[in-house]
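Counting from 67, one number per residue, gives the positions in the sequence shown under the numbering used here. Backbone N, C-alpha and C define an ideal beta-carbon position, used for all residues, glycine too. Everything numeric in this text was worked out from a predicted model, so none of it was measured. Heads up: the structure comes next, in structure tokens.
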Amino acid sequence: MRVVYVVPHATRGGAERVTMDLIALHGREAVEPVAIFLSDGPLVAEARRLGVQAEVIPAPRMRNVFAAGRAKRRLARRLVELRAQLVHGVMAWGHAYGGAAARRARIPAVWFQHDVPDWHRALNVVAALTPARRIIANSVLTARAQTRFNPRRARIEVVHPGTRIPAEPRAARRARGRKGLGYGEQEFLVGMVARLARGKGHATLLRAARSLCNARRDARVVVAGGAPFGLDPDYPDELQRLAASLGIGDRVRFTGQTEATVDMLSACDVAVHVPDAPESYGLAVVEAMAAGTAVVAGDAGAVREIVEPGRTAVLVPTGDHESLATALLALHDDPAWRERIGAAGAEAAAARFDAGGMTRRLEAIYRDAIA
């Protein structure tokens, strides 16, 4: 099957990480992927390094009606030239363009919904009205919302996004990650991997870290993630000022965007995922579990579809920095508990969230959609 992926952003985020894993892991006897990005960025070159045909067709915001129409027509012509058999739109934006172009080119389309839809975003309305053979939801939570937001009554399939399961022993990854970050074994390291954007829970982590660092001299915090898309360029500086105002500026490190996510998570004793509002999924939780690192997560959204509370993760109320601090202190003081949670999480990730299994599941959906 020649499948064309229509990807809105060429900068690495959660949905983009999932898409790049799919592109890389397809068996070429099953799927020949082509990537068309709607904006330029580093993922274009990364796709080409994987041996995948990748190109950019710039697409404006939908409110620019005439320019959007031209982009859809150009995309439709390219689908015909590529002899595409299926279009896979990434998120609502990818389907609003990819699905419309597929309809014009008379090619079936599916799309992967990575967000909980609502009527307040026009893009969700456009995507819902655009024909699709299947809507792939990243969680049951998303699927339930999309069922109420499905005027064309497209069939919805739940596929939990997965991640690469590390084959290298955790001890080797941990040692390399600690060396890269400049920490030794004596520090208790708490990490967060998340885009630097409001709502991701960075402030909650920093306020909890103040209590942790005041109580335990060996505690350190590392925050990995960039501020892509230019949506809030001042936010990273705000977080650094907050850490300084809390008196822990010298105990917190902001690494920026990193490609060494596995090593960074493996270096940590605890990984934290505490968004301010319920999220449709939690890929950062899956990645931390796969790294064998104990997880503390906010108890909201789809997180209970991923973890077993008390066994593969510790759950705390969303936005409650005091509860988060209490959990971090308890995990600091009980290394055996940390190890048990990390080991159980790694086992669950390998069994349920392997990116290879996700890829095979999607290939079956593709075949069914084409048929």
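Per-residue burial, residue i [other beta carbons within 10 Å of its own, 16 or more giving buried]
i: E112; result: buried
i: R127; result: exposed
i: A343; result: exposed
i: H186; result: exposed
i: L152; result: buried
i: W403; result: exposed
i: D184; result: exposed
i: E353; result: buried
i: A337; result: buried
i: A188; result: exposed
i: D335; result: buried
i: G248; result: exposed
i: R286; result: buried
i: R441; result: In this structure the chain extends from 67 to 437, so residue 441 is not present and cannot be described.
i: R218; result: exposed
i: L397; result: buried
i: P74; result: buried
i: R199; result: buried
i: L195; result: exposed
i: A81; result: buried
Extent of the continuous beta strand (DSSP E) to which residue i belongs
i: M258; result: 254-259
i: L381; result: 380-382
i: W347; result: The sequence given here places Tyr at residue 347; Trp does not occur at that position. That residue, Y347, is in no beta strand (DSSP E); it is neither H nor E in DSSP.
i: R319; result: 318-322
i: E98; result: 98-103
i: V122; result: 119-122
i: G364; result: 360-364
i: A337; result: 336-339
i: I222; result: 221-224
Through-space distance from residue j to residue i, alpha-carbon basis
i: W159; j: F132; result: 16 Å
i: D303; j: D329; result: 25 Å
i: L390; j: V382; result: 6 Å
i: E345; j: V182; result: 8 Å
i: I201; j: V192; result: 14 Å
i: R129; j: A168; result: 20 Å
i: R139; j: R172; result: 13 Å
i: E413; j: I231; result: 10 Å
i: K443; j: P341; result: Because the chain spans 67 through 437 in this model, residue 443 falls outside it and cannot be assessed.
i: R317; j: E121; result: 42 Å
i: V97; j: S277; result: 51 Å
i: D399; j: R273; result: 19 Å
i: G385; j: A275; result: 13 Å
i: H92; j: R114; result: 15 Å
i: R319; j: R221; result: 45 Å
i: D298; j: G422; result: 34 Å
i: R433; j: A410; result: 34 Å
i: A393; j: V362; result: 8 Å
i: A264; j: Y301; result: According to the sequence as given, residue 264 is Arg; it is not Ala. About 7 Å.
i: R78; j: W177; result: 19 Å
i: T321; j: V100; result: 32 Å
i: L305; j: E388; result: 19 Å
i: A117; j: R94; result: In the sequence as presented, Ala is not what sits at residue 117; that position holds Gly. So the alpha carbons of these two residues sit roughly 11 Å apart.
i: G164; j: L255; result: 43 Å
i: R83; j: I123; result: 20 Å
i: C279; j: E253; result: 11 Å
i: P197; j: A203; result: 16 Å
Inter-residue CB distance, residue i and residue j (contact presumed, cutoff 8 Å)
i: L104; j: A125; result: 4 Å
i: R12; j: E251; result: In the structure as shown, the chain begins at 67 and stops at 437. Residue 12 is therefore absent and cannot be evaluated.
i: I436; j: P174; result: 6 Å
i: A76; j: G107; result: 3 Å
i: R427; j: V225; result: 5 Å
i: L141; j: I89; result: Incorrect: roughly 18 Å between the Cβ atoms, too far for contact.
i: M424; j: G228; result: 4 Å
i: S332; j: G358; result: 7 Å
i: G246; j: A326; result: 6 Å
i: G408; j: A360; result: 5 Å
Residue range of the unbroken alpha helix (DSSP H) whose run includes residue i
i: V192; result: 188-195
i: R172; result: Note, R172: premise wrong, no alpha helix (DSSP H); not H, not E.
i: A203; result: Segment 200-203 is the beta strand (DSSP E) holding A203; no alpha helix (DSSP H) there.
i: I407; result: 401-418
i: A211; result: 206-213
i: G291; result: Taken as a continuous stretch (DSSP letters only), G291 belongs to no alpha helix (DSSP H), as it is neither H nor E.
i: I436; result: 421-436
i: G135; result: 131-148
i: L271; result: 268-281
i: R114; result: 108-115
Inset, instruction - Please confirm if the region 207-216 is in contact with the region 305-313, defined as three or more CB-CB distances below 8 Å between the two stretches. - result: Result no; under three Cβ-Cβ pairs closer than 8 Å.
Legend entry - Three or more C-beta pairs below 8 Å linking the region 242-262 and the region 367-377: Contact annotation: the region 242-262 does not touch the region 367-377, with fewer than three C-beta pairs closer than 8 Å.
Inset, instruction - May I ask you to verify whether the region 145-153 touches the region 68-87, counting CB pairs closer than 8 Å and requiring at least 3? - result: Yes, the region 145-153 is in contact with the region 68-87.
Inset, instruction - Please determine if the region 279-295 and the region 357-376 are in contact, where contact requires at least 3 C-beta pairs separated by less than 8 Å. - result: Segments in contact, no.
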